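Note that the sequence shown covers residues 1 to 128 in the UniProt record's numbering.
For glycine and all other residues, C-beta sits at the position ideal for the given N, C-alpha and C.
As the structure is a prediction and not an experimental result, all values here were calculated from the model.
Reviewing the structure listed below.
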Amino acid sequence: MRKFFTAVVIIPLGLIFIIFAVANRHWVTVSFDPFNSVTPTVAVTLPLFVVIIASAILGVIAGGIGTWFKQGRWRRAARQHEADARHLRAELADLRTAASRDEAQRRPAPALSGFYGAAGRDKQGATL
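In structure tokens:
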């Protein structure tokens with residue numbers, strides 16, 4: 001399955017990234033100074049494909065973190081339900097054990113005389 005995933009998804013995606021990088025290799029200046037665009041104090045000069053791929057990676061990471069925080073209450077509820085289910089399974093096992101012990105104590109002792117029991121009658125009540 002892993003080889004199939006690599007062949008179908010990873011290899012074409014890698015080829016797309018390589019083609020994109022070769023087509024967008026000219027240099028751009030990314031400025032972090034909103035007040036001075038001519039001579040910014042904080043600026044980085046990088047190839048365009050690095051800027052675009054880094055932006056995409058940061059976007060995916062930010063989206064994943066946001067989703068993780070948003071789903072926190074569902075994970076907490078799932079943990080609570082799992083703990084409740086575990087507790088109830090243990091309680092049910094205890095009740096079944098106690099019920100089987102009580103049932104064993106309530107059963108009459110098996111008759112020791114005769115094939116059809118102590119009364120000497122068969123299932124339809126006929127005397128033997």
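- Per the coordinates, the alpha-carbon of ASN24 lies some 26 Å from the alpha-carbon of ALA7.
- The C-alpha of GLY64 lies about 50 Å from the C-alpha of ALA99.
- Rounded to the nearest whole angstrom, the C-alpha separation of PRO47 and VAL28 is 6 Å.
- Secondary structure of THR45 (DSSP, three-state): strand.
- Rounded to the nearest angstrom, the Cβ distance from VAL30 to VAL51 is 6 Å, consistent with a contact under 8 Å.
- Positions of the beta strand (DSSP E) runs, each at least 3 residues long and wholly inside the stretch 28-90, are given as 43-47 in order along the chain.
- Nearest to LEU13 by C-alpha distance, out of ARG89, THR41, ARG86, ILE53, is ILE53.
- Inclusion of THR45 and ASP33 in the CB contact set at 9 Å is not warranted, their separation being larger than that value.
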